[in-house]
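What follows is a single structure, written as structure tokens, with notes after it.
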Amino acid sequence: MPEIIWKRGAEADLLMVHANLEDVRSGLGDRFALQLDAVLDDLRNQRAIAPNYGPPMQRLVIGNTGYGVFHTMENRRIIIHALVHLSHNPASIRVKMRRLLGWP
């Protein structure tokens, strides 16, 4: 089973999303974390379920939360680069993903 690697920025995204959701309603952040865990387990078992989002980046939607997990895959590793709310401007999301990959 592939190992999940969280980049530092993605960890910060997760902490911020969790805190923001907890501010809205107690327990909402934990519910989000459970949905994220389920999506990542699905991804581990079926790596082809995530569509490309400008190769090599892929995006997987986290249930009905409005968030997407952006990741790349390497042999036996899934590298999480960011969690982003999908209501953001698609062009700005693409710019962020290119930056995270170190592309101009």
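The numbering of the sequence shown is our numbering, which starts it at 6 and goes up by one.
Where is the CB? At the ideal position from N, CA and C, for every residue including glycine.
None of these values were measured; they are calculated from a predicted model.
Next item on the list: Between the Cα of Q51 and those of M78, A17, L33, R36, spot the shortest distance and give me the residue it belongs to.
Entry: M78
Note to self: Rounded to whole angstroms, what is the Cα-Cα separation between L33 and I67?
What the structure shows: 14 Å
Check: Would a C-beta distance cut-off of 8 Å place L88 and V100 closer than the cut-off?
Finding: no
Checklist line | Segment limits, beta strand (DSSP E) that includes I1 | finding: The chain is shown from 6 up to 109; residue 1 falls before or after that span and cannot be answered.
Check: DSSP puts R52 in a beta bridge; with which residues?
Finding: According to DSSP, R52 bridges with nothing at all.
Margin query: For a quick check, are the C-beta atoms of E8 and R82 less than 8 Å apart?
Written below: yes
Notebook entry, point to check: Taking just the CA atoms, how far does L106 sit from T70?
Noted result: 25 Å
Checklist line | Beta-carbon spacing of I112, K12 below 8 Å | finding: Residue 112 lies beyond the stretch modelled for the chain, which goes from 6 to 109, so this question has no answer here.
Next item on the list: Give the DSSP-derived three-state secondary structure of H90 in the structure shown.
Entry: strand
Notebook entry, point to check: Taking L26 as the reference, which of Y72, A43, L48 has the closest Cα?
Noted result: Y72
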